[in-house]
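Per the working numbering: the sequence shown = residues 225 to 1144. Here the structure comes first, spelled out in C-alpha cells, and everything after it is commentary.
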Amino acid sequence: MPNTINYKKSTESTPSLTALTAAALILPGLLQPVAHAADEDSVDFQYSHYQEGNRNVYGGIDLDQNASTPDTVTLIPKYLNPIEVDSVHGSSRFTLTDRVKFAFNYTQDTWSGATPLGTALAHRHANKSSAIVDNSGNIIGISGASIKTGAMNEAGYSIDKNSLKPYQSVYNQALGRYEYKPIDGKLTHVLSYASPETRQQGDFKLTYEWDEAALDVGGGISVENDYESRFANLGGRFDFNQKQTTLNWGVSYTNSDTFATLDPEGMGYFNTSYYDTAYLGFVPDQDLPLPIPIKPLVDSGRVEAVYGDITVSEERLKNILHGNRQDWGLQLGASQLLNKNALISLDLGYTRSTGYQANPYKGVYGYTGEVKPDQEIIDLSSSIYLEIRPDERNLFNWHLGYDQYIEPVDAALHVDYSFAHDDWGINAHTVEADWAQPLGAGWMLTPRVRYYSQSSADFYTTGIIQLFDYSKEVTYNEAGTAIVGGPGVIRPFPKYYSSDQRLSGFGSLSGGLTVSKQFTKGVSLETGFEYYTHQGGLKLGGGGEADFADYDYWVANAALKVNLGALKMGGGSHDNHEHRHHHHSNSPAGVMFDHTLPRSGDFMAGYRYMRSEQAGDMLLGSDPVSLDVVNTAGCDGKECAVTPNNMTMNMHMLDLMVAPTNWLTLMLMPQWMDMGMTMTPNPNFTGGGHGGHGAVHDHEIGGIGDTGLYALFKVFDQPRHHLTLSLGGTAPTGDVNITLRKTASNPVYDQPIHYGMQLGSGTWDFKPALTYTGNQDKFGWGAQATATIRLEDRNESGFAFGDIFQGSVWGGYQWTNWLATTVRGVYTSQGAIQGASASATIDPNTNLPFVPQHIGPFDFPANYGGEFVDLGLGINVNIPSGAFAGNSLKFEWLQPLHTDYNGYQLDREGALSATWSVGF
C-alpha cells in the first residue's frame, strides 16, 4: 500500500508555531517515523495496540455427495481470533554540543491472529464446515467448522468455457447421473492463523546544525524471524527569509532480505513450482532420487526445498523462500510561514524498489482445466499458488499540508492532502485533519478524521484460471510441474497475480481522539484511540472490492514524554543539583525497591530492561542429562516430541515514582515482555507432528506483562544508614490464555502455549521487600529480602506459578563522583507450578480434554522452579553535571553459580539488567 511521506516544518519560538507543531505531532501512532533530532532534548515511551474485528468468512456445507442441489453457502463460526499487534516504542533525543544532536528510536511489536491467506469461491470448501440435519434432511445448525487450506477438491467446481461462470456437479437422483448446476460465485477470504511473531527495529540520526542549515545522517535495522531490513538516510534543510522559508531534502537506501519458512502444514496444498530451485529426480547410476537444480520461473525470489532421509520419505521437510529487495528514495520539500499564525508545506517523494516484493504468506487460488470439443462445461482442478508480483516498482508521492493557529479559541487546525501513484496501477488519495484544542491546566484535546482511497493494482485478482487443449503440445519446465507455453495453452495464467487485499481497490474512513496532560517540569502523558472501517464501497468513484473483504479495526495508544530541556538539566543552583543527585542510589541495577524519593513532591521517571537466557545442557536437579533421557522421562510418563535448546526472555519496564510525603513514595511499574524458544524435535518420536523427522522450529510471544503497584516507606533514614519497606504487588494484566496455532499435531484452537511463555502470572501477587543500604566514604553496601506470594490458588487458565523468595547482599565502591562498581550475591527459591492448564476441547475418543502431541518438558508443572545462586557484577553511572546532569545509568550481569531445578529444565546462561532514570 502506498504510504505518504513524512515532512518537516520550519520552526520559530512563537506561541502560534508551538500550537501548530502540537497539532501535527500530538497523535501517537502505531507506526513511528525514523528517528529525528528535535530541537529539545527528550525521552519518550509509547505503547500501542492494534486490533482487527472479526471478518465474515463463508464456506460450503458438507452434504451428502449424492445431493441433488449445489452445496449451501453459510457464514462460518468465528473460531479464530483476528489479527492483533502490541507495540512498544522508545525514543531519545539529546544535544551533544551546541551544534550536534543525536536521536535514537527503538520499536518492538508482536502480532498474532487470523489474516487472509487468499480469496476463493465460498462453495470451494477452502473454509470447511459441516451441517447438522434433522431426520427430514433440513439443516438445523452448523458444526465442525474449521478454517483450512486443504479440502480444495472436495466439492466439484466447473466453468462455462465461454463465460467462465461457475458450476457445480450435482447428482440427479431421478436420472441417476451427475449434471451441472450454476452457483452464485460468492467469494470469501480464506484465513490462515499466524503464530505470535516479534519485530525489533532500532534507528538513529545524527544532526549537525549551522545557523540557517542542517545536515542529517542516519540509519537502522529491522529484524524478524523471517525478514531483515537495513536502511540508511542522508538529508538536510536550508532556512531562508529569517527562517520563514525552509527547504528540505533527503535520500535513503534500504536493503531487505526475506527468508520465510512456508507453513509446513500447507506444503501439500501450496504450489511453489514457479519459485522452486530443485526437484527430486533420477540420475544415471543412482537408485534413489536426488535433488536436481533448476532455474526458478520468476524474476525474483526462490524456494529452497529441504529434504529429509530420502529412503524414508520423498516429502519435503520444509520450504524456505529467499528474496532480496532494494529501495532507493528521494524527498524534496518546502515549508513557508505565511504569517504569524499560518504555515503551508509541499513535499515530493520518489521511491524505486527492485527485487522480491511479494508476500511469502499470501496465495492465489489457481484453477486448471482441459478444453474438449463439444463440451461447454470444463471441470477444474485447483491449487494454491504463491503470489507473484513485479520485481520493479516506481512510486511517486505528493503532499500538501496547511497549519492554522486560531487565536480566538487558542487552537490549531492541521489539514493534509496526499496523492500517491505507482506503475503497478495504484492511485491513492489521503485527506486528513485534526484540531488541537488546549483546555487549560496543561490538558489538550485533539480530535482527528482521515479518509483514504486507492485503486487496485493491475495484477490484483481473486483467482486465476488456465485452460489447455492436450491434443496439442504443452511445454513444461524441467521439473514437469509448471506450464511454460506451447500451442496447447488456450488460456495461460497471468505473469503476475496477487489476492492481497491491500492491493485491492478500497476506501477507509477513520476517526480518533487524543487526550494529553502536560505536567510541570516537562512531563506529559498522552492517550489516544482511533477507529477505522475498511470497505470496497468507500473507494473514491466506486468500483472497489466486494463486501467480502470489508473489515474494521482500531488502534489505542498511551505515551509518556519527558522533555529534558524543560527540566533545565544543564543548570540550576547547587541545591537543585544536589537534590537531583540524591534521587538515585548506588545499588546494583538488578535491585528494585531500594530507596524512596527524598522530598514531598519529587518525581522520578525511569526505564528498566532485563534479559535472561537459557541454553546448553538439560538438567535434572543439578545434573546434566542426555536428550534421550529427557525425551523418555521428562514429560510425565509420556514421550516428549521436542526439547528446548534455547530460551530468551526480555522485559521492558517503566519506573514512575512520586512522593506525596517525605516518608512515602508511590510507584507504578507497567511492563512489556517478549519471549522466544527454539526447540529440537525428538527423532524417535512416534506420534507425528513436530517430532519424528520434523525440523528445528521456534515459538515467539510478546505483549503487556503484569502491572506493578507499590508503596515504599522510609522506615529508617540516617546519612549513612537507610531502611526501606516496600508493600505492593502486581495486577494480572499479562495474558495467560495464549494458545498454540492449530496444526495437524495440535488440531484444536485452544491448546495453551507453554507455561513459561505466558505473559503474566494470571494471579494477584503480593510482593513485599525490605532493603537496607549503607555507605562510608567511597564504600557502599546493602542487603534485601523480597518475596512473590500468589494470592490465588489458580488463575483463569487453571494453574498458579510457585511462590518466590529471594535474598541479596552487595557491596560497591565509588571510583569517581560519577562511576561506581558493585558485586552482589543472590539466592533465589521458587516453587513448582500448582494446578495445570488444558484445552477446553473434549476429545471424542476419550471424553476428556484434548491431550496434545506437541509436548516437551516445559508443558508439565513439575518442571518449573528450583533453587539458584548467582553472582552479580555491576557498573553504575550517575551524571552529576553538564547537559545530562541528573541522569543515571546502571548495568549488572548475573552469572549462575549453582542451579538445582525441580524436574527437567534447560540450563541457565545468565541475566542482564540495565536501568536509566532521571529525577526532578
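All residues carry an ideal CB built from backbone N, CA and C; glycine is no exception. All values derive from a computational prediction rather than experimental measurement.
So residue i packs on residue j, CB below 8 Å; how close in whole Å?
i    : j     : result
L545 : P517  : Wrong, their Cβ atoms sit about 17 Å apart, outside the cutoff.
Q392 : I407  : 5 Å
G980 : G929  : 13 Å between Cβ atoms; not a contact.
A338 : S419  : That belief does not hold up - the Cβ atoms of A338 and S419 are roughly 11 Å apart, past 8 Å.
V312 : W1140 : With a Cβ gap of about 15 Å, V312 and W1140 do not count as contacting.
W887 : F817  : Wrong, their Cβ atoms sit about 15 Å apart, outside the cutoff.
G760 : D776  : Between D776 and G760 the Cβ distance is about 13 Å, and since that is not below 8 Å, they are no contact.
If you compare alpha carbons, which of the options is closest to residue i?
i     : options                    : result
L1118 : A1109, A1138, N1102, Y1125 : A1138
P671  : N1019, A636, V713, P520    : A636
F683  : R726, P884, G314           : R726
S446  : D487, Q332, S497           : Q332
T686  : G768, I1103, I630          : G768
Y676  : Y700, S728, D627, S723     : S728
N472  : T478, N479, F464           : F464
G277  : D265, I307, Y404           : I307
L764  : D847, A660, E702, H653     : H653
G1110 : D693, S680, L458, F827     : F827
N543  : Q550, D487, Q510           : D487
T334  : S387, E403, T422           : T422
H645  : A681, M668, Y626, W667     : A681
Y831  : D879, V939, S809           : D879
V1142 : D922, L1136, M881          : M881
Strictly by DSSP, which residues pair up with residue i?
i     : result
P508  : Beta-bridge pairing links P508 to no other residue.
H413  : T343
L1130 : M842
D440  : T431, G459
L570  : A558, L624
H945  : G998
A1062 : Its beta-bridge partners do not exist; DSSP assigns none.
A706  : Answer is none; A706 lacks a bridge partner.
E616  : T578
I925  : M899
Give the DSSP-derived three-state secondary structure of residue i in the structure shown.
i     : result
A813  : coil
V633  : helix
A338  : strand
R726  : helix
N906  : coil
G314  : strand
N853  : The residue you asked about is not Asn; residue 853 is Val in the sequence shown. Three-state result, V853: helix.
L762  : helix
S370  : Low confidence applies to S370: its pLDDT is 40, below 50, so where it sits in the model is not reliable enough to give any reading.
T238  : Low local confidence applies: a pLDDT of 36 at T238 is under 50, so the model's placement there is unreliable, and no value is given.
A681  : coil
N280  : coil
D1083 : helix
A1109 : coil
D1146 : Within the shown structure, residues of the chain are numbered from 225 to 1144, placing residue 1146 beyond reach of any answer.
G1036 : strand
A773  : helix
K745  : helix
Y979  : helix
D959  : coil
S453  : strand
K542  : strand
E264  : coil
Spatial neighbours of residue i within its chain, please: C-beta separation below 6 Å, excluding the five flanking residues on both sides.
i     : result
E754  : S734, G736, V779
T751  : V739, A782
V187  : Missing from the structure shown is residue 187; the chain here goes from 225 to 1144 and no further.
E452  : D481
M873  : S836, M899
N1041 : P1104
Q1038 : K1002, A1044
Apart from the five residues on each side of it in sequence, which residues of its chain come closer than 7 Å, Cβ to Cβ, to residue i?
i    : result
V988 : The displayed chain sequence assigns Trp, not Val, to residue 988. G953, A955, P956, L1015, E1016.
G709 : T699
K586 : L341, G342, E611, S722, S723, D724
Please work out which residues of its chain come closer than 8 Å, Cβ to Cβ, to residue i, disregarding the five sequence neighbours upstream and downstream, and give them in chain order.
i     : result
K991  : G932, Y934, S950, G952, G953, T954, T1010, A1011, T1012, I1013
Y1128 : M842, L843, L844, V849, V854, A857, G858, P1081, N1087
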